[in-house]
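Its first residue numbered 548, the sequence shown is counted upward by one per residue in my numbering.
By construction, the Cβ of each residue, glycine as well, lies at the ideal position given by its N, Cα and C atoms.
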Amino acid sequence: MYNVAQVIDEKCVAKKGCRLCIMYCPEANCLDLNSAKMIAEVNIDRCKGCELCVVVCNAAKHMAIEMQAVSSTGELIKHHKAESAALGQAYQG
Ligand code: SF4
Ligand code: SF4
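In structure tokens form, the structure reads like this:
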């Protein structure tokens with residue numbers, strides 16, 4: 548089991564121009580704008596679970612990304628809030 552980031556659609560303010568998580572995600576083709584829905588979207592196959600996107604989104608007080616557990620078969624385990632990997636906290640300085 549491992550953790551990936553998931554955007555909470557209703558909380559994401561990308562339609563107002565926010566792109567923070569997209570700018571800070573260190574993985575190529577991992578976090579991008581869904582221009583049809585105008586929300587940020589995580590490609591869970593690319594996400595490394597570093598939580599940097601959570602840190603920057605929370606720092607801007609949007610709280611629109613949470614980590615979720617993924618099973619060994621690659622399925623998102625809904626309603627199971629992942630344990631913090633704590634690595635993202637390192638980015639808070
Ligand atoms: S930082 Fe948060 S609010 Fe901004 S685009 Fe990313 S998910 Fe949406
Ligand atoms: S957890 Fe890290 S790799 Fe995954 S979407 Fe967020 S910033 Fe990108």
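Query, Result
"If you follow the beta strand (DSSP E) that N581 is part of, which residue opens it and which one closes it?", "L578 to N581"
"Buried or exposed for A575, going by 16 or more other Cβ atoms inside 10 Å?", "exposed"
"Whole-angstrom Cβ separation of C600 and C572, contact assumed at under 8 angstroms?", "5 angstroms"
"Go ahead and label N581 buried or exposed: buried means 16 or more other beta carbons lie within 10 angstroms of its beta carbon, across all protein chains shown.", "exposed"
"Cβ of E598 versus every heavy atom of ligand 2: is any distance shorter than 7 angstroms?", "yes"
"Keeping to the same chain, check which residues put their C-beta closer than 6 angstroms to that of D556; ignore five residues upstream and five downstream.", "I586"
"Select from A561, E622 and C559 the residue whose C-alpha is nearest the C-alpha of D592.", "E622"
"What are the uninterrupted segments assigned as beta strand (DSSP E) that are 3 or more residues long and contained completely in the region 595-622, given in chain order?", "612-617"
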